[in-house]
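Okay, so here's the structure we're looking at.
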Amino acid sequence: MGGSSTIFKSRDPASKELVALKVTSNWVQPHDAHRESRLLKRLGGDETHILTILETETLRGEFILVFPYYPLTLVDIMEKGRSSHLPRIFRQVAKALSFVHANGVIHRDIKPGNILLKSEEGPAFLCDFGTAWAMDDHHPDEKADHKVIEIGTTCYRPPETLFGFREYGTEVDIWAFGCVIAEAENGAPLFEAGELGTDLRLILSIFQSLGTPTLNTWPEANRFPDFSKMLFNEFPSQPWQTLLPNVSSEALNLVENMVTYSQQKRFSADQILKHPYLM
1 MGGSSTIFKS RDPASKELVA LKVTSNWVQP HDAHRESRLL KRLGGDETHI
51 LTILETETLR GEFILVFPYY PLTLVDIMEK GRSSHLPRIF RQVAKALSFV
101 HANGVIHRDI KPGNILLKSE EGPAFLCDFG TAWAMDDHHP DEKADHKVIE
151 IGTTCYRPPE TLFGFREYGT EVDIWAFGCV IAEAENGAPL FEAGELGTDL
201 RLILSIFQSL GTPTLNTWPE ANRFPDFSKM LFNEFPSQPW QTLLPNVSSE
251 ALNLVENMVT YSQQKRFSAD QILKHPYLM
């Protein structure tokens, strides 16, 4: 889950139901377990496909969040090969993101391990809002135009944050979600960050796949503090059929509209929900 937190499987003594305990302490920005608790109390529920928080407790300096226990994550499904249930699962994740974004929240860590599943068929629930940013929450050290850029996980990180752009919005979740769909459908990560998960290795992988962007092809990059500080080898863009050879045309088209340099051109969660791949 990131930061100083550990997940335990336990059983509620009253209900005898299995629960998951997230024990947190000494977290650092952007991790904030109290904010996660506030957001999940407001957003969580079966109908929103966002993990419900059952209760919280402070014990010996540790803040504990209690959740329903789900036996699987999308990682477990992906390890078995492509599942016919993926469109249904991703539709539920898109519903969760649509609700999250409509409420002024950016998740900032979309990845397979943060998609919980009750069974291999679903339902799916988006979890881990420990690094989320919310418009109406109190962020004294993280204003809307100066957000933390150390967000996301390795190969799912959006390129604008790799170049120091702090005014990003919900489109960072769309990029990461597109990478997740591509990986689940194709059987391999779309991009590679190397064994050490470095920014430069991830940038190279993105450029080798999507082509080296310029200010003409990526006008928004003119606002990125670090984009013009570097000189890049010029790589041509690879056809999406080459990047994702094992993916259906519908899934490929969806990923292409999510994993694109221009933040303005990326699909919104509502547009994703209308795409034929999820219908």
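Going by full-length UniProt numbering, the residue at position 151 of the sequence shown is 151; the numbering climbs one at a time, nothing skipped.
A virtual CB, placed ideally from N, CA and C, is assigned to each residue, including glycine.
State the beta-bridge partners of Pro68 as determined by DSSP. Val19
Would the beta-carbon of Lys147 fall within 8 angstroms of that of Trp133? yes
Is the beta carbon of Gly45 less than 8 angstroms from the beta carbon of Thr56? Going by C-beta atoms, Gly45 is not nearer than 8 angstroms to Thr56.
Limits of the unbroken alpha helix (DSSP H) element including Glu160: Element bounds for Glu160: Pro159 to Leu162.
What does the Cβ neighbour count give for Asn246, buried or exposed, with the cut at 16 atoms within 10 Å? exposed
Pick helix, strand or coil for Ile206, following the three-state DSSP scheme. helix
With the cut-off set at 8 angstroms, would you say Asp109 and Thr131 are in Cβ contact? For the 8 angstroms CB-CB criterion, Asp109 and Thr131 form a contact.
Please state whether DSSP places Val259 in a helix, a strand or coil. coil
Could you spell out the range, first to last residue, of the beta strand (DSSP E) harbouring Glu183? Glu183 -> not in any beta strand (DSSP E); alpha helix (DSSP H) instead, spanning Glu171 to Asn186.
Could you tell me the distance, in whole angstroms, from the CA atom of Thr6 to the CA atom of Leu65? 11 angstroms
Please list the terminal residues of the continuous alpha helix (DSSP H) segment that includes Lys95. Leu86 to Ala102
Beta-carbon proximity list for Trp218, same chain, < 8 angstroms, skipping 5 on both sides: Tyr261 and Ser262
Straight-line CA distance for Leu21 to Pro30? 21 angstroms
Report yes if the C-beta distance between Ile115 and Phe267 is below 8 angstroms; otherwise report no. no
Helix, strand or coil at Lys229 according to DSSP, with G and I counted as helix: helix
Does the Cβ-Cβ distance between Gly122 and Ile89 come in under 8 angstroms? yes
From Val248 to Trp240, what distance separates their C-alpha atoms? Reading the sequence as shown, one finds Ser at residue 248 and not Val. Taking the straight line from one Cα to the other gives about 11 angstroms.
How would you write the range of the beta strand (DSSP E) that Lys9 sits in, first residue to last? Ser5 to Arg11
Using DSSP's beta-bridge definition, name the partner residues of Thr217. None; Thr217 has no bridge partner.
For Thr214 and Phe207, the rounded distance between their alpha carbons: 11 angstroms
Report, in whole angstroms, the separation of the C-beta atoms of Ile272 and Leu254, which I expect to be a contact under 8 angstroms. 7 angstroms
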